[in-house]
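Chemist: Residue numbers (my numbering), protein chains in the order written: chain A, 4 to 114; chain B, 245 to 355.
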Amino acid sequence: ETGVTQSPTHLIKTRGQQVTLRCSSQSGHNTVSWYQQALGQGPQFIFQYYREEENGRGNFPPRFSGLQFPNYSSELNVNALELDDSALYLCASSLGNQPQHFGDGTRLSIL
Amino acid sequence: RKEVEQDPGPFNVPEGATVAFNCTYSNSASQSFFWYRQDCRKEPKLLMSVYSSGNEDGRFTAQLNRASQYISLLIRDSKLSDSATYLCAAWNSGGYQKVTFGTGTKLQVIP
């Protein structure tokens, strides 16, 4: 059974740039969720995708967008990067509303 | 008020001690609850789901009290390896889905 994999592991960007983070869900999982985790905080829910459509969203601006592909993998896109976007970005997959399993995360630094 | 609240700790306990964490949630529509463990600079790992009837997994016991809107985690016979941050999560799976994590409770088990 393949777990959740994310790429890249680390990324450095500058303000105003755009970034795409990628996630491959665990085999058998059809739901992908993305989280932002700042240092010392819990993961903050960005959005969730099921059957290639967004079916849940947290309190994040529209410059955070995503996609889910037919193979259930997913992308998180962030436009117009701001310094506060520096964080660990976590992807989690699940089968429906069963417990989520997380990937190792992408550590994004904005200079 | 945060949707999911936890005491950030740290809880410093000696090896062999019993320690309990509580987590309160404000959204009465939350339907599923989980405890995750997160080691420093790592991804959260599912520890256990939480059921109204209570559930136990070895030294770990989780309880859900819907009337008072809190969940708890009890760790018996603490080991050094239990040192980590424990995150509770509430899943509102009705309609537009949303998962909310607490900020986490840090546990340090001392020799």
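Note that CB positions come from ideal geometry on N, CA and C, so glycine has one too.
Short of 7 angstroms Cβ to Cβ, which residues in the stretch 342 to 355 of chain B face chain A?
Modeler: Lys342, Val343, Thr344, Phe345, Gly346, Thr347 and Gly348
Chemist: Using a Cβ-Cβ cutoff of 9 angstroms, what residues of the stretch 288 to 312 of chain B are near chain A? List them in chain order.
Modeler: Pro288, Lys289, Leu290, Met292 and Ser293
Chemist: Tell me whether serine 274 of chain B sits in a helix, a strand or coil according to DSSP, three-state version.
Modeler: In the second sequence, residue 274 of chain B corresponds to position 30, counting from 1. Three-state result, serine 274 of chain B: coil.
Chemist: So is tyrosine 38 of chain A buried or exposed if we call it buried at 16+ other beta carbons inside 10 Å?
Modeler: Taking the first residue of the first sequence as 1, we reach residue 38 of chain A at position 35. By the neighbour-count rule (16 or more Cβ atoms within 10 Å), tyrosine 38 of chain A is buried.
Chemist: Since valine 257 of chain B and valine 353 of chain B should fall inside the 8 angstroms C-beta cutoff, what is the C-beta to C-beta distance between them, to a whole number of angstroms?
Modeler: In the second sequence, the residue the question calls residue 257 of chain B occupies position 13. In the second sequence, the residue the question calls residue 353 of chain B occupies position 109. So it is a contact: roughly 6 angstroms between Cβ atoms.
Chemist: How long is the line joining the alpha carbons of glycine 348 of chain B and asparagine 266 of chain B, rounded to whole angstroms?
Modeler: As a first step, residue 348 of chain B is located in the second sequence; it is residue number 104 there, counting from the start. As a first step, residue 266 of chain B is located in the second sequence; it is residue number 22 there, counting from the start. Straight-line Cα distance between these residues: approximately 10 angstroms.
Chemist: List, in chain order, every chain B residue whose beta-carbon is nearer than 9 angstroms to that of serine 77 of chain A.
Modeler: What you label residue 77 of chain A is simply residue 74 of the first sequence in a count that begins at 1. Per Cβ cutoff of 9 angstroms: no residues; serine 77 of chain A is ~15 angstroms from chain B at best.
Chemist: Identify each residue in the stretch 39 to 59 of chain A for which the Cβ-Cβ distance to at least one residue of chain B is less than 7 angstroms, and report them in chain order.
Modeler: Gln44, Gly45, Pro46, Phe48, Gln51, Asn58 and Gly59
Chemist: Verify the CB distance criterion: does phenylalanine 278 of chain B have a CB-CB separation below 9 angstroms to chain A?
Modeler: Along the second sequence, read from residue 1 onward, the residue named residue 278 of chain B stands at position 34. Phenylalanine 278 of chain B counts as touching chain A.
Chemist: In chain order, what residues of the same chain have a beta carbon less than 6 angstroms from the beta carbon of glycine 6 of chain A, not counting five sequence neighbours either side?
Modeler: Within the first sequence, residue 6 of chain A is the residue found at index 3, counting from 1. The answer, listed in chain order, is Gln29.
Chemist: Mind listing the chain B neighbours of leucine 93 of chain A? Cutoff is C-beta to C-beta under 9 angstroms, in chain order.
Modeler: If you number the first sequence from 1, residue 93 of chain A lands on position 90. Residues of chain B passing the Cβ test: Glu287 and Pro288.
Chemist: When the Cα of threonine 329 of chain B is compared with those of B:Arg281, B:Ala311 and B:Asn336, which residue comes out closest?
Modeler: One-based indexing of the second sequence puts residue 329 of chain B at position 85. When only C-alpha atoms are compared, the closest one is B:Arg281.
Chemist: Spell out a yes or no on whether the stretch 288 to 308 of chain B and the stretch 246 to 255 of chain B are touching, meaning 3 or more CB-CB pairs, one atom from each, closer than 8 angstroms.
Modeler: no
Chemist: Going by the DSSP bridge assignment, what does glutamine 44 of chain A pair with across the sheet?
Modeler: Position 41 of the first sequence, counted from the start, is the residue given in the question as residue 44 of chain A. For glutamine 44 of chain A, which the question treats as bridged, DSSP gives no partner whatsoever.
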